[in-house]
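Student: Be aware that the sequence shown starts at 1, since it is given in full-length UniProt numbering, and climbs by one per residue. We put the beta carbon where it would ideally sit given N, CA and C, even for glycine. Below is the structure I would like to discuss, written out as structure tokens.
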Amino acid sequence: YIFGVCIMALHLLEDWCKGMNINPRNCILVTGVPEAFDEGAIEPILRVSTEYLSKCKMRGRMFVREERAFAVLCELPSAVEPLQVPGTIAVEDGEWTVITTGSQPSPVPASDVAFLKKMSAFLGKEGKTLADMPGLLGLDPGVPQRESAPSPDEWVKALGQALEKVMPPHPESTADRGRAPRRSAGSQWSHNPTC
């Protein structure tokens, strides 16, 4: 899972959109909807879950055997901004998972998958989700985001800012900063911390 999103579900979203001739960047896939859940209640629940989804339109649902639940395809009027969409939506008997394509190409490169798994695990340990990132970075979630994906440098900077806010600095990372190793009589090279 990457940010709570199964790669197979992401592929289902992309394939379903292709079959319906819909732009997948304008869609979300909601998984984990129980079989017994009233189909007519799904769209209203999504619309009131967050202001961002207030204009979503349910395009269809499909039973997913592996989950023993329905997946629901919903379309928004414009490209989905992944940071504006909650990763899960709480409902009376549990929660539904929300999947977006974001701006990642498909298939996701292996290095990105590894990074996203580590990021997801880290955020989970800190009790945070991707939806919490705008607040951690000091961004206003109400401000419309740009259409293009952030550059790798922007991601690194944003990740650094988020990590600074949730993790204390490691003691060894600052103690010896700016000091060069010095040669001593006892060893070929040693570091003198009293300099």
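Exposed or buried, what is PHE37 when buried is set at 16 or more other beta-carbons lying within 10 Å of its beta-carbon?
Tutor: Classification of PHE37: buried, given that the 10 Å Cβ count is 16 or more.
Student: May I have a chain-ordered list of the beta strand (DSSP E) segments no shorter than 3 residues that lie completely inside the region 61-103?
Tutor: With a minimum length of 3 residues, the continuous beta strand (DSSP E) runs that stay inside the region 61-103 are 69-75, 88-91, 94-100.
Student: Among ALA9, PHE115, VAL64, GLU92, whose alpha-carbon lies nearest the alpha-carbon of SER49?
Tutor: Residue GLU92 is the option with its Cα nearest to SER49.
Student: Verify the CB distance criterion: does CYS27 have a CB-CB separation below 8 Å to chain D?
Tutor: The structure shown contains no chain D, having only a single protein chain.
Student: Should GLY19 go down as buried or exposed, given a rule of 16 or more other Cβ atoms within 10 Å for buried?
Tutor: GLY19 should be labelled exposed.
Student: Rounding to the nearest angstrom, what Cα-Cα distance links GLU43 and LYS125 in this structure?
Tutor: Taking the straight line joining both Cα atoms gives about 32 Å.
Student: Taking all protein chains shown into account, decide if GLU66 is buried (16 or more other Cβ within 10 angstroms of its Cβ) or exposed.
Tutor: By the 10 Å Cβ count, GLU66 comes out exposed.
Student: Provide the residue span of the alpha helix (DSSP H) that contains CYS17, from first to last.
Tutor: Looking at the DSSP string, the run of the alpha helix (DSSP H) that includes CYS17 is 7-20.
Student: DSSP three-state label for PRO24, please.
Tutor: Here PRO24 sits in helix by DSSP.
Student: What residue range does the alpha helix (DSSP H) around SER54 cover?
Tutor: Segment: none, SER54 is in no alpha helix (DSSP H) and carries neither H nor E.
Student: GLU35 and PRO24 - do their beta-carbons sit closer together than 8 Å?
Tutor: Contact flag unset, no.
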